[in-house]
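Read in order, the letters of the sequence shown correspond to residues 31 to 248 in this note's numbering.
Okay, so here's the structure we're looking at.
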Amino acid sequence: MPVTLYPSLMGADLLNLEREINTLNPHVTGYHIDIMDNHFVPNIAFGFDTVHAVARITTKQLWIHAMVDNPTSTIDQLQLPANTVYSFHIESNFMKKDIIKKLTGKNWLPSIAIKPKTDVTQLFDLLDASIYQVLVMSVEPGFAGQPFMPDSLAKIDELVAFRAKHKLNFMIGIDGGINAAIIAQVAQHGAQQITAASAIFSNPDRVAALNDLEKGIA
Ligand code: DX5
Ligand code: ZN
């Protein structure tokens, strides 16, 4: 099963974001962009204007990860191309079916993210053919640079089993603490879309860091 790696721009040198994207562009399928409202998580990241600025300088796929109280209004504020992946959290208190409808109406790809302490069974009612991806968080959302939580591997296993049992096709994504030492294991369990911030941006040679990670999923 092919596995795709998406740099998470949260870890980038933010005052040189354009340079970062120009360096990575020839080597990646797309970018994971965290949006945080300092309420759903205790941090702020990537305002709408910054997301739009990124979309102006790359045609690569964007994967928005909305860590916000109101994932619906965030959708309304973003003008992004078809095939943008949009991850909203199962823990947010909004009507999930409405969010999914809004996303498919824009030709975006609905993804449901789940925090480490949330039971995976909470997703099951929502998983049907309209869901493009489930995003397993392998750290508490809010910050880059945290250690990978190994319990998330069991969550991937449960999702793989549920998907087979119900003959579904959703992708499985993972976010948080991924590095060259863990990536192979995560992929073997069945993660297909993997994002990483620190493992890429803590290396002065971004492309070498990408290559190190890619070795684990080749
Ligand atoms: C964490 C974010 C992640 C973060 C990943 O809340 O959702 O996307 O940028 O950072 P690393 O790869 O450093 O854990
Ligand atoms: Zn993220």
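Think of the CB as a built atom: it goes at the ideal place given N, C-alpha and C, for glycine as much as any other residue.
Q: Could you tell me which of Ala143, Thr151, Phe154 sits nearest to leucine 165, measuring between CA atoms?
A: In the sequence shown, the residue the question calls residue 165 occupies position 135. The shortest Cα separation from leucine 165 among Ala143, Thr151, Phe154 belongs to Ala143.
Q.
Can you tell me where the beta strand (DSSP E) holding histidine 62 begins and where it ends?
A. For this step, residue 62 is matched to residue 32 along the sequence shown. Here the beta strand (DSSP E) through histidine 62 covers 60 to 67.
Q) At a cut-off of 7 Å, is histidine 95 close to the ligand DX5 when judged by its beta-carbon and the heavy atoms of the ligand? A) If you number the sequence shown from 1, residue 95 lands on position 65. Correct: histidine 95 has its Cβ closer than 7 Å to the ligand DX5.
Q: Specify, as a first and last residue, the run of the beta strand (DSSP E) that aspartate 205 falls within.
A: In the sequence shown, residue 205 corresponds to position 175, counting from 1. Annotation for aspartate 205: the continuous beta strand (DSSP E) segment containing it runs 201 to 205.
**Q.** alpha helix (DSSP H) segments (min. 4 residues) lying fully within the region 94 to 153
**A.** Restricting attention to alpha helix (DSSP H) runs no shorter than 4 residues, the region 94 to 153 encloses them at 101 to 107, 126 to 135, ordered along the chain.
(Q) For lysine 126, which residues in the same chain have their Cβ closer than 6 Å to its Cβ, ignoring the five residues on either side in sequence? (A) Position 96 of the sequence shown, counting from 1, holds the residue named residue 126. Excluding sequence positions up to five before and after lysine 126, its CB lies within less than 6 Å of the CB of Leu156, all in the same chain and listed in chain order.
Q: Use the C-beta contact count for glycine 220: other C-beta atoms within 10 angstroms, 16 or more gives buried, fewer gives exposed.
A: Within the sequence shown, the letter at position 190 stands for residue 220. Answer is buried; the Cβ neighbour count reaches 16.
**Q.** Beta-ladder partner(s) of methionine 167, from DSSP
**A.** Taking the first residue of the sequence shown as 1, we reach residue 167 at position 137. Per DSSP, Asp205.
Q) Considering only C-alpha positions, which residue in the set His69, Asn233, Glu244, Asp242 is nearest to glycine 41? A) For the purposes of this step, residue 41 is taken as residue 11 along the sequence shown, with counting starting at 1. Closest option to glycine 41, Cα to Cα, is Asn233.
Q.
Using 8 Å as the threshold, is the C-beta distance between isoleucine 202 and leucine 153 below it?
A. Taking the sequence shown and counting its residues from 1, one reaches residue 202 at position 172. Taking the sequence shown and counting its residues from 1, one reaches residue 153 at position 123. Taking 8 Å as the Cβ cut-off, isoleucine 202 and leucine 153 do not qualify as a contacting pair.
(Q) At a cut-off of 7 Å, would you count aspartate 67 as near the ligand ZN, judging by its Cβ distance to the nearest heavy atom? (A) As a first step, residue 67 must be located in the sequence shown, where it is residue number 37. Distances taken from the Cβ of aspartate 67 to the heavy atoms of the ligand ZN include none shorter than 7 Å.
Q. For threonine 148, is the beta carbon positioned less than 7 Å from some heavy atom of the ligand DX5?
A. Position 118 of the sequence shown, counted from the first residue, corresponds to residue 148. Threonine 148: no, Cβ never under 7 Å from the ligand DX5.
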